[in-house]
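**Q**
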Amino acid sequence: MFTDFIRFHLNCFSVFTICIFSCSCVKSFANNSLENEDAAIVTSEVEEYANSVVKPLIANVPNEDKLSMLRKISEIIISREHGVNSNAVEPSKYIYYDIFDTLKLGFLVTLNLSFHQKQNIKNWHAKYMSDTAADVFFAPSASEIIKDRAAFGCTHYARVFIAVVKELKIIDNPGDLRYAATCVAKDYNMAYKRQDYEMTINGHQFAMVRIGPKWYAINTSKGETVEMSMDFSPDKISPPNNTAIQFQSYPEVTFLFRKIGKNHSDNIQDNSLIKLMNIYRSGENNRQSFSWSEYEKL
């Protein structure tokens with residue numbers, strides 16, 4: 005299962021089983037203090053990165069070609085040279101650090117890391133993992149991700165993307181740029197059939213944009229786009245009917261929309277593991293019930 009954890013996260017899925025294991029040993033679930041904050045708020049760190057790093061790199065893209073510009077921004081954010089992951093470490097190291105830190109041996113996990121990587125693990129562990137270890141995958145804001153250059157998952161990239169696009173004012177209407185959470189259809193079906201509230205449901209977070217009359221999904225972890233059907237509306241995503249999406253990067257995986265923000269400042273409050281699992285099951289972060297029908301097109 006631990007190898008699954010690493011493999012899925014490197015593919016930008018949110019895999020949590022090892023996190024739950026470590027949490028169940030020494031942690032208890034609690035609300036995250038960042039619940040009501042805009043995780044993609046434009047701060048000085050966002051302004052500096054957007055204008056000094058990203059803006060010059062998209063200067064050659066025609067202003068009227070917004071989709072190409074957005075795709076380019078996504079590619080920049082995930083790149084090793086100009087992106088927000090130059091100090092990233094494998095997600096597993098955060099979990100190992102959490103386990104070893106309970107024995108005052110966390111330093112063993114960081115021995116071969118750079119100074120900045122060591123500081124990031126220590127700081128993020130103290131700030132985001134005190135209640136539930138897995139919250140480090142969801143709680144950091146775009147500003148802190150940019151400042152530390154420590155992005156390692158789909159939620160991180162999606163938040164940075166939205167913050168940068170907000171700062172560069174590429175999308176005029178706040179309601180035309182939104183954060184989206186989806187779950188893996190196969191996982192949801194399995195949990196639904198069993199009525200299993202403890203099962204980990206994998207998923208993927210990204211951004212949605214409207215250009216003219218059309219909506220597009222921006223896979224902010226891979227720099228790719230998906231054009232949605234003309235009848236698609238993020239405001240119609242609600243149980244029990246499922247709405248599916250597939251990405252070229254994950255051709256064998258069907259994702260099901262579970263919640264989409266109302267505008268570019270709506271973080272849908274998915275800043276912890278328990279809240280995201282609730283969203284995957286019910287569409288709301290404070291409700292556990294299985295509110296969606298089984299997806300029958302697999």
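Counted the way my numbering counts, the sequence shown spans residues 5 to 302. Glycine included, every Cβ here is placed at the ideal spot set by N, Cα and C. A quick note: this is a predicted structure, and the numbers were derived from the prediction, not measured.
Quick one: what does DSSP say Glu303 is sitting in, helix, strand or coil?
**A** An answer regarding residue 303 cannot be provided, because it is not within the stretch 5 to 302 covered by the chain.
**Q** In terms of residues, what are the limits of the beta strand (DSSP E) holding Pro255?
**A** Tyr254 to Ile264 is the extent of the beta strand (DSSP E) around Pro255.
**Q** Is Tyr192 helix, strand or coil by DSSP?
**A** DSSP places Tyr192 in helix when its eight states are reduced to three.
**Q** Out of Ile81, Thr258, Ser276 and Ala195, point me to the one whose CA is closest to Val188's CA.
**A** Per the Cα distances, Thr258.
**Q** Just the C-alpha distance for Leu71 and Ala155, rounded to the nearest angstrom, thanks.
**A** Going from the Cα of Leu71 to the Cα of Ala155 covers about 23 angstroms.
**Q** Let me know the secondary structure DSSP gives Tyr201 once reduced to three states.
**A** Tyr201: coil per DSSP, three-state reduction.
**Q** Name the one or two DSSP bridge partners that Val213 has.
**A** Answer is Leu181 and Tyr220, bridged to Val213.
**Q** Can you check which of these residues, Lys173, Asp139, Asn116 and Arg285, is closest to Thr186 by C-alpha distance?
**A** Among Lys173, Asp139, Asn116 and Arg285, the Cα nearest to that of Thr186 is on Arg285.
**Q** I need the DSSP call for Ala248, collapsed to helix, strand or coil.
**A** Of the three classes helix, strand and coil, the one that applies to Ala248 here is strand, per DSSP.
**Q** Does the Cβ of Gly1 have 16 or more other Cβ atoms within 10 Å, making it buried, or fewer, making it exposed?
**A** This structure leaves residue 1 out entirely; the chain is present only between 5 and 302.
**Q** Return the first residue and the last residue of the alpha helix (DSSP H) that Leu172 is part of.
**A** Residues Cys158 to Leu172.
**Q** Here's a check: name, in chain order, each residue in its chain whose Cβ is nearer than 8 angstroms to the Cβ of Asn271, leaving out the five neighbours to either side.
**A** If we look at Asn271 and ignore the five residues flanking it on each side, its Cβ neighbours are Glu41, Asp42, Ala43, Ala44, Arg163, Tyr183 and Gly265.
**Q** Is Ile149 closer than 8 angstroms to Val65 when the C-beta atoms are compared?
**A** For Val65 and Ile149, no; Cβs fall outside 8 angstroms.
**Q** Report the start-end ranges of each beta strand (DSSP E) in the segment 109-158 that is 3 residues or longer and not cut off at the edges.
**A** If we require 3 residues or more, the segment 109-158 turns out to have no beta strand (DSSP E) run fully inside it.
**Q** May I ask you to list the residues that DSSP assigns as paired with Thr47?
**A** Partner(s): none; Thr47 has no beta bridge.
**Q** Report the residue from Ile125, Tyr220 and Ile215 whose alpha carbon sits nearest the alpha carbon of Phe104.
**A** Out of Ile125, Tyr220 and Ile215, Ile125 has the C-alpha closest to the C-alpha of Phe104.
**Q** Tell me the rounded alpha-carbon separation between Glu51 and Glu171.
**A** Cα to Cα, Glu51 sits roughly 6 angstroms from Glu171.
**Q** If you drop the 5 nearest sequence neighbours on each side, which residues of the same chain put their C-beta closer than 6 angstroms to that of Met298?
**A** Looking at the sequence provided, one finds Glu at residue 298 rather than Met. These residues qualify, in order along the chain: Asn193 and Tyr196.
**Q** Run the CB neighbour count on Phe6, radius 10 Å, all protein chains shown included, and call it buried at 16 or more, exposed below.
**A** Residue placement at Phe6 is flagged as unreliable, the pLDDT there being 34, under the threshold of 50; a coordinate-derived value is accordingly withheld.
**Q** I'd like to confirm something about Gly227: is its beta-carbon nearer than 7 angstroms to some heavy atom of the ligand ZN, or not?
**A** No copy of the ligand ZN appears in this structure; indeed no ligand is present at all.
**Q** Residues in the same chain with beta-carbon distance under 6 angstroms from Phe33, minus the five sequence neighbours each way, listed in chain order, please.
**A** The predicted position of Phe33 is uncertain, since its pLDDT is 37 and thus under 50; a value taken from the coordinates is nonetheless stated next. Cβ neighbours of Phe33 beyond the five flanking positions: Thr136 and Ile278.
**Q** Have a look at Phe141, Asn267 and Gly207 and flag the residue whose alpha-carbon is nearest the alpha-carbon of Tyr254.
**A** Of the listed residues, the one whose Cα sits closest to Tyr254 is Gly207.
**Q** As a quick exercise: from His268, Ala146, Ile205 and Lys240, pick the residue whose alpha carbon is nearest that of Ser48.
**A** If we check each option's Cα against that of Ser48, Ala146 comes out closest.
**Q** Assign Tyr201 to one of two classes, buried (16 or more other C-beta atoms within 10 Å of its C-beta) or exposed (fewer than that).
**A** Exposed, since its Cβ has fewer than 16 Cβ neighbours within 10 Å.
**Q** What first and last residue would you give for the alpha helix (DSSP H) that runs through Glu79?
**A** Glu79 -> alpha helix (DSSP H) spans Lys70 to Ile82.
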